[in-house]
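Working notes for the structure below.
Protein chains: 4
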Amino acid sequence: MTNPITNIPIPAILEIKSGIIYNLQDIFDRHGFENILMLFDSFTMDQWEANIKDSLSTTKVDTVLMQPHAEVHDLIKQAFSIKMYDAIVAVGGGAVIDCGKYMAFSRQTPFISIPTSASNDGFASSNCSLMIEGKKTTVPAKVPYGIIADLDIIQNAPSPFILAGVGDLMSNITALYDWEFEDRQGVSRVNAFASMLSKKAVNSFVRTPMHDIQDPTFLKELVSSLTMGGVATIISGNSAPISGSEHLISHALDKYAEHPHMHGIQVGIATYIMANVQEHRADRMQKVFTRTGFFDHIKTLEVKKADFKMAIENSPEIKPHRYTYLHEKKYQRKALDFLDQDPILQEILR
Amino acid sequence: MTNPITNIPIPAILEIKSGIIYNLQDIFDRHGFENILMLFDSFTMDQWEANIKDSLSTTKVDTVLMQPHAEVHDLIKQAFSIKMYDAIVAVGGGAVIDCGKYMAFSRQTPFISIPTSASNDGFASSNCSLMIEGKKTTVPAKVPYGIIADLDIIQNAPSPFILAGVGDLMSNITALYDWEFEDRQGVSRVNAFASMLSKKAVNSFVRTPMHDIQDPTFLKELVSSLTMGGVATIISGNSAPISGSEHLISHALDKYAEHPHMHGIQVGIATYIMANVQEHRADRMQKVFTRTGFFDHIKTLEVKKADFKMAIENSPEIKPHRYTYLHEKKYQRKALDFLDQDPILQEILR
Amino acid sequence: MTNPITNIPIPAILEIKSGIIYNLQDIFDRHGFENILMLFDSFTMDQWEANIKDSLSTTKVDTVLMQPHAEVHDLIKQAFSIKMYDAIVAVGGGAVIDCGKYMAFSRQTPFISIPTSASNDGFASSNCSLMIEGKKTTVPAKVPYGIIADLDIIQNAPSPFILAGVGDLMSNITALYDWEFEDRQGVSRVNAFASMLSKKAVNSFVRTPMHDIQDPTFLKELVSSLTMGGVATIISGNSAPISGSEHLISHALDKYAEHPHMHGIQVGIATYIMANVQEHRADRMQKVFTRTGFFDHIKTLEVKKADFKMAIENSPEIKPHRYTYLHEKKYQRKALDFLDQDPILQEILR
Amino acid sequence: MTNPITNIPIPAILEIKSGIIYNLQDIFDRHGFENILMLFDSFTMDQWEANIKDSLSTTKVDTVLMQPHAEVHDLIKQAFSIKMYDAIVAVGGGAVIDCGKYMAFSRQTPFISIPTSASNDGFASSNCSLMIEGKKTTVPAKVPYGIIADLDIIQNAPSPFILAGVGDLMSNITALYDWEFEDRQGVSRVNAFASMLSKKAVNSFVRTPMHDIQDPTFLKELVSSLTMGGVATIISGNSAPISGSEHLISHALDKYAEHPHMHGIQVGIATYIMANVQEHRADRMQKVFTRTGFFDHIKTLEVKKADFKMAIENSPEIKPHRYTYLHEKKYQRKALDFLDQDPILQEILR
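Chains as they are written, first to last, in this note's numbering: chain W, 1 to 350; chain B, 351 to 700; chain G, 701 to 1050; chain Y, 1051 to 1400.
Here it is, written out as structure tokens:
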């Protein structure tokens, strides 16, 4: 038995603090990064490109403006048209981060996430969501070498982005319950360590004061908990620690709804539904979504009940090899009933 | 850059549940353990040896009764007098676990902790506390291959053991604050990932319902949070994520007090003191120690204020290379004043 | 210092023996592979598909016929159109192996090489040579999970394939000499461990009896030495341990010659030239190429001296960031002179 | 399948060259070693301590003179009486290297071997040979962080040390043959990768010119091949790739002979015997031992045939869980006959 202990890769850089975006030189120095490629979307390029470049004294930076809705095909073409960099850095939301993550994976170059919002856990995960032949696909890449979150920036992102992050994080609770259910059915096996990380991440968060979602303490808790959820998926080798029935509903909405909403928003509503179906920590869920203003925000969005109905009905086919609560007719029925009868949902959905 | 991502070793087995101690065969099968050495202390041998053996169908087990106050010298002698086993398992409290951990390290055999109480985080850490030439010494070993905690057993341990675990876990808060302080002084560097794990571990715990410390949910939270603290030390490569000024006080008590108390008990009191010195989360500390009955238990123990006074004064010399709050005269003074004036301490100490 | 020792990934399966191709079930069992995708080219499908399938009792196999000259774009499309397999296996020459390696990389699935000839070290390396937008590109992938070489098959491959393998392996000698030269110029740093593996691989080979290149002992030596060279590149994180000035000449031929020859054939001739330029082990080189029949084979191929002249002249631009002997005018001149004057080259080239 | 590829630890420093012992500062700088403990035996301290210290500009060095025949007990006591160093370095033969290796293991500090002779492969292995309660015991430790061999020094070691190294390296051949035999009996399983490294190491060596065993090229080959054998044992997790029946004979001599000889000397003679018993590469063995002067040297040593007889008879009990050729009566008989009848042995043994 030569290798009895499991080794897991973790990000070598993890910085979550105010103003860090203008102190990158220090970080680059410590890791020997002398040549960097930095990717932006049009908004983040406009906002931060010039100042970040000004703040760097020795590291050379080339910058690129990324287009939305990237095809894997084009990312690879782009990845091999550039020279060899010490690291590829992406500054922005989920889309530009996924592009950078995949380009870095293709070239086997270290990748650094600089998320400008906390709207989901993509900045810490090893997967990307990209287009292959026009179809949105979950594509494996690598765990980021570094995660750098500037709380000043995340704080100033529009509050719906923060609420989406809350929705995505809360889903750990229902996802873990689904995973244990699946394990009891013999369909998969819970990885205790991954499960523990995901659970601690959300438990630590749900007990944070929530009166001000722009408060740095709250945001640091949110970002670090999303990060820890991402690391949990690295350990388990699949997305089960942070993605269960509630994510199936969101994926079905992306596929079938005419106007899908932000990932974390859809996931949050679905999480509220599934917590009630599972009858597990549903009160806690309601408190968090009420206190953070998540429910109030939904009211402003024109989210359609009919879309959720269809999504619940189609959810099992999204991942036929899994076995969540929604893969049993009985619980699917229960979810549909709850959708029809819960007073909160009647108020916030259309 | 061939190896850009940091790899950390984590336990391959992590089981925290009721009745698991009689389901070891399953676990052994999954990991191919056919020959096991199992270590007990006199109490645990009496309680569980026969039943555990009965519950195993195929794995062969040899058992050994370990003596208290083990010298490293004797453990090595013993380790090399036995044949080669697939794993060494220790069933009991900190002492027998440390013996097993070191014997397994010496033979480079996988080690499995089966703690019978939650009184400290030793079952998950990579260090042991052993005697070298009659002197208690912190000795590096290896991260356990497995941690198996039976909640039925831990629940029935005397409540002081549970309270000691609470004390040891709460110290993460003051330890992390010391670590950041030390980092600002340039004496060490906080490992962000280790810090995050330790913080989530204790944050998840402090927000758990505490009306019944024998409740399985509470105990599972306690044990898993202690485990995660242990893993944090593996990542940082030192004990800083879970051991700061409050541990120095406890070590000084072990060294100088006539009658030292249980590790977690001493650490808990010291943590309460240091949280007030640091002026960081002291209210939370007070709530946890009140609600769990920690303070009430101290009243029954004859803990001497004079011992704490001496321990605070001698704490910096315990680890002269560190730089915690107690390494500054000003804060040492503040700790001594608090010891003299805090109403709670006047009530619970002698 | 938490991680003082360098960890390198090595293939978990390494089988080089006669008849192994019909004993795959055993290997698959040991590694838990129940569902396999197996890729063939038209020749290997015709030869072995039916018999391999017949030999497998429990593992389910889907097979695919791969087309030559694969574009990365198409491989990714294909990779994401298939279901999740436990492993992807490629049976054939360099082309189909590179396809399988990249598809497996894209899906992060274990990859197993089953080379049917020993014509180069691609079956053991972590890179592929694929088309991106019509341009041949070296694309990083992952080290194979397994390498399975059936000596019966390799023995029966046409002898030019074996000779090409000899050429590719002998280039370790000139490549290592270039690497040390480059290190002395301060352009790169020799990784001592990678260098040692590559050197032992070729040294072990050059001293093997060479009267019969179809002899299983000779072939096992050739295949295992090529494998060890591949592992050396994993350790160094670049191709330097097995690719220097002689590979630049071959790459230039691929780019500019009207009719390029097999990789290992071009590399072998270039290695003979460079050994004489470097004045290092040129005699040994001549003996190996004479005894194995490599030189005799070249005579039959219509290899053009003019192509080599042009390739030597263009070689530095192929990898401008490197600094081999050919990056110095003086040695480039020496190579051209040798090309013009060496009696052997006058005899074997046109 | 999260971790499909096997990771092996390899030395981070590997330097085999002339004069390197006075260029340690460079190496220490690159690895951040500012405080070093350096162990010597009385000979090496006398020879090199002062000059090494003079050659170091910034790294601080404490030096210790180690006593022969170290008890594990005393090494641990010593290890915990010293402060924390960045690395522990041992300069000398097998004895002082084993002491340093174990002290470094106990403190979990990086260890660097500086062998002053090439008499065995201990400088590269992860085991030590130490005394436990007066009994010589093989004790697991850790793979060295670094191996630094100065060819000027090794060249000037008395030639018997070099010949012992030749004996220890040649044993790879018989050890590997035993391992395959054992595998066929179903007693163990050959690790193909470890086997390949060990085989290439010795194959590369046997084909080196041997007219001058003090020649730097010869010595570099010898030292690097011994190193590669050591790495092979790390991969296999046991000593099988470099230790078979021939080592059992040497261990039995250490245990029972009145005057044991140097490890590599005993192993070399036993290797010659076993190659003839196995009827595998016995001619090659004879050539190497003749050309290097190994046989001539034996004649000067008063090695007793009777001791070898007894050692062969007692060899199986040394490692009863293994199954080498000597574990079968038939081959044991053959070994005894060969001992009695081989003309060379009659000439060189007494």
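Yeah, the Cβ is synthetic: ideal placement off N, Cα and C, and Gly gets one too.
Determine the contact status of residue i and residue j, defining contact as a CB-CB distance below 8 Å.
i                       : j                       : result
residue 797 of chain G  : residue 822 of chain G  : yes
residue 1151 of chain Y : residue 1194 of chain Y : yes
residue 810 of chain G  : residue 849 of chain G  : no
residue 1001 of chain G : residue 951 of chain G  : no
residue 794 of chain G  : residue 744 of chain G  : no
residue 244 of chain W  : residue 178 of chain W  : yes
residue 1124 of chain Y : residue 1084 of chain Y : no
residue 772 of chain G  : residue 839 of chain G  : yes
residue 304 of chain W  : residue 350 of chain W  : yes
residue 1090 of chain Y : residue 1109 of chain Y : no
If you draw a straight line from the C-alpha of residue i to the C-alpha of residue j, how long is it?
i                       : j                       : result
residue 1112 of chain Y : residue 1131 of chain Y : 13 Å
residue 503 of chain B  : residue 201 of chain W  : 27 Å
residue 270 of chain W  : residue 1281 of chain Y : 53 Å
residue 1067 of chain Y : residue 1271 of chain Y : 11 Å
residue 698 of chain B  : residue 646 of chain B  : 7 Å
residue 1030 of chain G : residue 1022 of chain G : 16 Å
residue 463 of chain B  : residue 783 of chain G  : 40 Å
residue 1099 of chain Y : residue 532 of chain B  : 37 Å
residue 819 of chain G  : residue 964 of chain G  : 6 Å
residue 287 of chain W  : residue 273 of chain W  : 14 Å
residue 1395 of chain Y : residue 1389 of chain Y : 7 Å
residue 1363 of chain Y : residue 392 of chain B  : 44 Å
residue 507 of chain B  : residue 198 of chain W  : 28 Å
residue 1179 of chain Y : residue 1235 of chain Y : 29 Å
residue 545 of chain B  : residue 605 of chain B  : 28 Å
residue 510 of chain B  : residue 730 of chain G  : 48 Å
For residue i, decide whether its Cβ has a neighbour in chain B, counting only Cβ atoms nearer than 8 Å.
i                       : result
residue 1060 of chain Y : no
residue 1113 of chain Y : no
residue 207 of chain W  : yes
residue 1183 of chain Y : yes
residue 203 of chain W  : yes
Within the 8 Å Cβ cut-off, does residue i reach chain W?
i                      : result
residue 704 of chain G : Below a pLDDT of 50, predicted positions are generally treated as unreliable, and residue 704 of chain G, at 39, falls in that range; the measurement from the model is reported next regardless. False, the Cβ-Cβ gap to chain W never drops below 8 Å.
residue 519 of chain B : no
residue 836 of chain G : no
residue 780 of chain G : yes
residue 941 of chain G : no
residue 434 of chain B : no
Any beta carbon from chain G within less than 8 Å of residue i's own beta carbon?
i                       : result
residue 324 of chain W  : no
residue 1379 of chain Y : no
Using the DSSP secondary-structure output, state which residues sit across from residue i in a beta bridge.
i                      : result
residue 388 of chain B : B:413 and B:439
residue 426 of chain B : Residue 426 of chain B pairs with nothing; no bridge assigned.
residue 717 of chain G : G:850
Looking at the C-beta of residue i, does it have a partner C-beta in chain Y at a distance below 8 Å?
i                       : result
residue 422 of chain B  : yes
residue 1014 of chain G : no
residue 426 of chain B  : yes
*Which runs of the beta strand (DSSP E) fall wholly inside the segment 438-487 of chain B and span at least 3 residues, in chain order?*
461-465 and 477-482
*Only counting runs of 4 or more residues, tell me where the alpha helix (DSSP H) segments fall wholly within the segment 137-213 of chain W, in order along the chain.*
151-156, 159-184 and 192-206
*Write down every uninterrupted run of the beta strand (DSSP E) in the segment 1286-1334 of chain Y whose length is 3 residues or greater and which is fully enclosed by it, in chain order.*
none
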